[in-house]
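The structure under discussion appears below in the form of structure tokens.
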Amino acid sequence: MTRPIVAIVGRTNVGKSTLLNRLAGRRIAVVADLPGTTRDRVFAFASWQGREFTVVDTGGWQAKPRLSLEQKVKEQVEAAIGQADVIIFLLDAKDGAIAADEEIAEVLRAANKPIILAVNKVDSAQQANQVADFYHLGMGEPVAISAYHNRGIDDLMDAMLASLPPQPISIVKLGEAKLAIVGRPNVGKSTLLNTLLRDERAIVHESPGTTRDSLDATVRWDDKEILLVDTAGIRRRGRVDVGVDYYSLLRALQAINRCDVALLLIDASEFITAQDMHIAGYIIEVGRGIMILVNKWDLVPREQRQEFKRSVEQRLRFASYIPIIYISAKLGRGVNRILPQAWDIWQKRQKRIPRSEVSELVKQAVSSYPPAHIGSRRLRIIRAYQDESRPATFVLQVNNPQLVYFSYQRYLENKLRQSFGFRDVPLKLIFTKAGRKINTETAVRAW
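With the first letter of the sequence shown counted as 1, position 283 gets the number 283 in the numbering used here; the numbers rise by one all the way through.
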């Protein structure tokens with residue numbers, strides 16, 4: 001399912017980060033947080049009334065930046081506006097609509113995007129009366145909120161939900177795996193895409209993608225159809241600066257949201273950067289399949305390759321199951337291994353495990369290695385089963401989700417992966433509090 005992007009835009013000190021934190025911490029089930037290219041740039045992946053979306057916190061807009069950093073922040077805001085499906089224009093009730101807000105309104109009107117006018121810091125009846133003053137911006141009815149005090153957030157989210165584009169109807173054929181080539185600018189995405197499309201196997205057809213300036217292509221490999229989600233529209237203009245990296249990251253997130261398996265391309269001449277790690281973390285967090293493709297391998301001297309591989313494995317030790325393929329997209333070396341490996345990961349993600357087998361496996365895992373006590377309390381797993389609607393996702397009903405240590409979650413994840421053949425596949429474990437109707441004491445004794 002494609003996750004639309006909702007950008008929070010406004011001048012400095014109107015409460016954009018506070019609003020994002022509110023959305024990330026209350027009533028909306030956040031999937032992950034991902035730092036952007038500067039320290040004040042954050043993504044939150046959330047859902048409201050069953051609709052998933054990506055919230056982007058932007059920096060404070062300045063119409064005429066004086067410093068280089070201010071100019072880069074402005075470029076990032078512009079990138080977020082350009083990629084957003086819906087924009088939350090955040091204003092400060094205490095200040096009223098000032099000249100800077102008028103300037104932002106002009107920019108947003110030109111963007112021709114759905115805009116939700118949110119007036120923040122409405123903490124009293126007197127301030128609520130002042131919200132009507134924002135009508136003169138000509139951007140619709142303002143929604144009064146207090147991000148800090150959690151007031152009006154439901155109304156804001158309902159307005160946002162009504163403005164989101166309808167969920168697209170998938171035209172992907174049954175049995176067609178969707179792959180996305182993602183990565184930073186200038187790592188070789190376009191070259192790899194062209195190399196795959198120039199393969200001896202025929203291109204079946206081309207179809208418009210769901211993101212602007214992109215084109216998806218279906219290739220036939222070994223009598224199998226694979227849809228390549230195009231991210232080659234990302235172009236490097238001159239040197240890579242913060243604004244271009246930020247735009248690249250937004251495009252990568254959109255492609256990942258649409259795919260089954262993400263092919264994360266990294267540049268061997270630059271090793272693995274923080275941006276690469278951020279993208280890898282997001283792919284894992286949203287539960288997509290992942291492969292690491294180390295491109296430009298031909299540029300690494302042979303005597304340095306073993307040490308390079310050890311360093312890569314060490315950097316990715318948090319997800320040691322990820323397959324790594326060393327390639328040269330330009331020369332075509334190693335590229336023939338990509339589609340078979342990606343298809344194998346896609347097939348594994350379709351596996352359905354009977355509830356009884358999941359329950360028995362988790363029961364044995366708990367028996368072999370019980371969870372540690374936290375004071376006088378200990379984690380109790382009541383039920384375990386595979387989620388019916390999300391691939392490679394398992395739900396564990398427990399007595400208290402706060403008692404789940406990360407290390408124990410990783411232990412159970414590895415047991416599920418090894419026992420059910422999910423090698424190379426990220427697994428998502430969701431811990432929920434067991435319902436009251438369950439007889440906890442009986443269930444605990446059974447486990």
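We put the CB at the ideal spot given by N, CA and C, even for glycine. Just so we're clear, the structure is a prediction, and the values are computed from it rather than from any experiment.
Between V9 and I81 the beta-carbon gap is near 6 Å, inside 8 Å, which marks them as a contact. The C-beta of I290 has 16 or more other C-beta atoms within 10 Å across all chains shown, which makes the residue buried. Partner residues in the beta bridge of M291, as assigned by DSSP, are L263.
Taking 7 Å as the cut-off, the Cβ atoms of E52 and R3 count as close. Selection L137, K121, L361, V119 evaluated against A105 yields L137 as nearest (Cα-Cα). For I272, the three-state secondary structure derived from DSSP is coil. Taking all protein chains shown into account, K16 has 16 or more neighbouring C-beta atoms within 10 Å of its C-beta and is therefore buried.
Annotated three-state conformation of E52 is strand, per DSSP. Here DSSP, grouped into helix, strand and coil, assigns I353 to coil. Of the residues assessed, P391 falls on the buried side of the cut-off, its CB having 16 or more other CB atoms within 10 angstroms. Non-local beta-carbon contacts of V187 in its own chain, meaning distances under 7 Å to residues more than five positions away in sequence, involve L265, I266, D267, N295 in chain order. When secondary structure is reduced to three states using DSSP, D424 falls in the coil class, being assigned neither helix nor strand. In the DSSP annotation of this structure, the continuous segment of the alpha helix (DSSP H) that includes A128 starts and ends at 125 to 129. Contact fails between the stretch 306 to 317 and the stretch 347 to 354, because fewer than three Cβ pairs, one in each stretch, are under 8 Å apart. Measuring C-alpha to C-alpha distances from G183 to each of R11, T393, A280 identifies A280 as the nearest.
For the 7 Å CB-CB criterion, L263 and I327 do not form a contact. The Cβ atoms of L19 and A147 lie closer than 7 Å to each other. Using a 10 angstroms sphere on the CB of L227, the tally of other CB atoms reaches 16 or more, which defines it as buried. A residue is called buried when at least 16 other Cβ atoms come within 10 angstroms of its Cβ; Y405 does not meet this threshold and is exposed.
Between the alpha carbons of A177 and R349 lies a distance of about 11 Å. Sequence-distant partners of W61 (beyond 5 residues in either direction) whose C-beta falls short of 7 Å from its own C-beta, in its chain, are V9, G10, R11, K74, V77, I104.
Residues V362, V366, L396, V398, W447 of the same chain have their beta carbon placed closer than 7 Å to that of I381, with the five preceding and five following residues left out of the count. Put simply, the backbone Cα of D101 is about 16 Å away from that of A144. Taking all protein chains in view, the Cβ of I98 is surrounded by fewer than 16 other Cβ atoms within 10 Å, so the residue is classified as exposed. V86: member of the beta strand (DSSP E) spanning 86 to 92, first to last residue.
The DSSP-derived three-state label of L164 is coil. Of the residues N194, K330, I87, G287, the one whose Cα lies closest to the Cα of D298 is K330.
DSSP lists F394 as the bridge partner or partners of Q386.
Between the stretch 148 to 157 and the stretch 111 to 129 there are three or more inter-stretch CB-CB distances shorter than 8 Å, so the stretches are counted as touching.
The beta carbon of A342 sits closer than 8 Å to the beta carbons of A177, L179, I226, V261, L263, G289, M291 from its chain, once the five residues preceding and following it are set aside; these are given in chain order. Contact annotation: A93 and Q130 have beta-carbon atoms nearer than 7 Å. Minimum Cα-Cα distance from L164 among the listed residues G375, K72, S47, P185 corresponds to S47. Using a Cβ distance threshold of 7 Å, P401 and K433 count as a contacting pair.
Taking all protein chains shown into account, Y369 has fewer than 16 neighbouring C-beta atoms within 10 Å of its C-beta and is therefore exposed. Taking 7 Å as the cut-off, the Cβ atoms of L90 and A118 count as close.
Contact between V286 and I322 is absent: CB atoms are separated by about 15 Å, not below the 8 Å threshold.
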